[in-house]
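Protein chains in written order, with this note's numbering: chain A, 2 to 417; chain B, 41 to 339.
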């Protein structure tokens, strides 16, 4: 057991002190900083919010006054009445003095007839805003001329309100579902990233030790199984350190900014409505999912003799985790689909999918227990299998690209 | 009661890497392991270290079987250099020492002692990849003896070293032996084994073709080498009865003969008018024995 901690400590500290780790962590922290200050960054780059000035040649005063009242609350567009002719107006737009030119006229029914000139009409939000506002004015003018009551008009614009009632008492309310969806999404994404990053790290670490042949010295000192699991746990601790740093930084950056926002709002978006069990389940499935994939990564890492060959061998693992991710994304909108139910029992998918179901639906406890049991058993089987393949694999050199190597590694470590 | 290998063998599928091999290495002994490439030396070492299990047979050290709990008793220098290229010498050796059951403080003291012994204390905080091949090999050697093992296994310890460093390493190995370490080492260089080991074993395709005390092996081999330097034409000796091989030299010839008596016959056959500058009867070298024993099985 003592050797386990020596390997674990070594794995943890050498990685932690490495430049690569410090740089990645620094970049991630910068990213958190950027996200926390996203509004000011957008303001810095986006002049759109300053408001675009649109020239209007006003040939229809009634429509114009309505339009300018409508737009007065909209900060992105500022109308400027233009006295000179069309040609000068176009020239001004071309010189970038104004965003666009609007020629506003009335047709014979006193409805708006409009020409719009801008340097480019490809993706123009200004144009869209103007169009929808003018449509509103046109509708109102038409309805008025038809003599429809103001009250009817108001009612016409009102959407149908559907009050949702779940008959199942324990079923989740709308808001609960939204919060759960957010938490599930975050957890799935974090698990996905963690497996990609730290799985890769474990496999690379082992492959490097093998290719530098230090492995032979190591496993003559400590048993390969000890070595493998010390590596897995060591990298896990490293990952936790990294994530903890980011979370602490995130909280430290965000909390001072929350003071201005009132607490009712916080309550609404916050964690208040979610049962603490969801977080516990999240943690449990996260750890199990990590262990499962980390064991596979360690196994593959032990099979290659050069780090360059690693990617090829890790491919199936990455494909599995990508499939799991896409099923989970699909499940966020359709948690009751059959495929979600089935895949929540398949060990490679269940860390994400079963957690998704727990978050979004009412899953009977026995289903959760069965799913976790299958997962744990798979991890144990893979652990035993992985340890044996590892034991043989670390002594095998030569080109390793095929699954046949697993068989070879297995027979190399055979006890007779 | 040293290292005992009792009929150990190893199969890889249908291929037998090591045929049943019995070895007895007394303590404080230096034992030589010879063999061509793929003869089974490394496989045998790996079985002794417990890296792989033997298909049959038992291995004991002082009567007890070896496993990871006894790893502090054993030192191992693998054939290929096995070090972390981007770790500093100190971190590296401390880690490997601790894995062999040393305390951190103890490991650091021993590291300084050994680096001084090899006259490279300035490399303490250098990364291994920055060192020359020879110095890397010294670090590798230190990693195998740092924890003062009872049994030391050296797989090709002299590869990549210049003659000065070889002498330095030989001295260190001798000192370890004198202070009580049992040492097994393999080499392609016959002269090293001849010089350092009392007992040896030559492996050929997983079988021990020669095994035992070096002096006994040479005596049993019988054949001797004869070197003659003379001005006369010595070509007739190629057909001389009892001559096994004939190799002309610039100023004479070198012969391998079946036994000592042949040399007397050759001596009397040389005409008395001829001037003979050298007539020397030599013991066979290990190289001769190796080439014949291994070559005979080399199909």
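Ideal placement from N, C-alpha and C gives every residue a C-beta, glycine not left out.
Limits of the beta strand (DSSP E) - the one that residue i falls within
i                     : result
residue 107 (chain A) : 101-107
residue 70 (chain B)  : 70-75
residue 46 (chain B)  : 43-52
residue 58 (chain A)  : 53-59
residue 78 (chain A)  : 78-82
Where the alpha helix (DSSP H) through residue i begins and ends
i                     : result
residue 286 (chain B) : Residue 286 (chain B) -> not in any alpha helix (DSSP H); beta strand (DSSP E) instead, spanning 283-289.
residue 88 (chain A)  : 87-95
residue 277 (chain A) : 277-302
residue 391 (chain A) : 366-394
residue 158 (chain A) : 151-158
residue 29 (chain A)  : 20-37
residue 140 (chain A) : 126-146
residue 163 (chain A) : From DSSP, residue 163 (chain A) is part of no alpha helix (DSSP H); its letter is neither H nor E.
residue 62 (chain A)  : 62-73
Cross-strand partners of residue i (DSSP beta bridge)
i                     : result
residue 252 (chain B) : B:240
residue 326 (chain A) : Residue 326 (chain A) is not bridged to any residue.
residue 265 (chain B) : B:296 and B:322
residue 64 (chain B)  : B:44
residue 113 (chain A) : A:107
residue 195 (chain B) : B:226
residue 99 (chain B)  : B:45
residue 114 (chain B) : B:191
residue 105 (chain B) : B:100
residue 276 (chain B) : Note: residue 276 (chain B) sits in no beta bridge, so no partner.
residue 247 (chain B) : B:244
residue 29 (chain B)  : No information on residue 29 (chain B) is available, as it lies outside the stretch 41 to 339 that chain B covers here.
Distance CB(residue i)-CB(residue j) smaller than 8 Å
i                     : j                     : result
residue 41 (chain B)  : residue 115 (chain B) : no
residue 184 (chain A) : residue 112 (chain A) : no
residue 113 (chain B) : residue 186 (chain B) : no
residue 318 (chain B) : residue 242 (chain B) : no
residue 233 (chain B) : residue 326 (chain B) : yes
residue 80 (chain B)  : residue 237 (chain B) : no
residue 378 (chain A) : residue 299 (chain A) : no
residue 247 (chain A) : residue 39 (chain A)  : no
residue 271 (chain B) : residue 305 (chain B) : no
residue 43 (chain B)  : residue 101 (chain B) : yes
residue 253 (chain B) : residue 322 (chain B) : no
residue 162 (chain B) : residue 121 (chain B) : no
residue 298 (chain B) : residue 263 (chain B) : yes
residue 138 (chain B) : residue 7 (chain A)   : yes
residue 118 (chain B) : residue 217 (chain A) : yes
residue 296 (chain A) : residue 384 (chain A) : yes
residue 151 (chain B) : residue 133 (chain B) : yes
residue 58 (chain A)  : residue 105 (chain A) : yes
residue 154 (chain A) : residue 163 (chain A) : no
Three-state secondary structure assigned by DSSP to residue i
i                     : result
residue 57 (chain B)  : strand
residue 92 (chain B)  : coil
residue 319 (chain A) : helix
residue 357 (chain A) : helix
residue 201 (chain A) : helix
residue 332 (chain B) : helix
residue 210 (chain B) : helix
residue 340 (chain A) : helix
residue 50 (chain A)  : Unreliable positioning characterises residue 50 (chain A) in this predicted model, as indicated by a pLDDT of 49, which lies under 50. The coordinate reading is nonetheless provided below. Helix, per DSSP.
residue 16 (chain A)  : helix
residue 122 (chain A) : coil
residue 5 (chain A)   : helix
residue 317 (chain B) : strand
residue 212 (chain A) : helix
residue 182 (chain A) : helix
residue 218 (chain B) : helix
residue 223 (chain A) : coil
residue 307 (chain A) : coil
residue 307 (chain B) : helix
residue 188 (chain A) : helix
Residue-chain proximity (residue i, chain C), Cβ-Cβ < 8 Å
i                     : result
residue 218 (chain A) : Protein chains in the displayed structure are A and B, and chain C is not among them.
The ligand GDP heavy atom lying under 7 Å from the CB of residue i
i                    : result
residue 12 (chain A) : Of the ligands one can find in the structure shown there are none, so the ligand GDP has no counterpart to examine.
Entirely enclosed alpha helix (DSSP H) segments - the stretch 116-185 of chain B, minimum 4 residues:
129-139, 144-157 and 173-185
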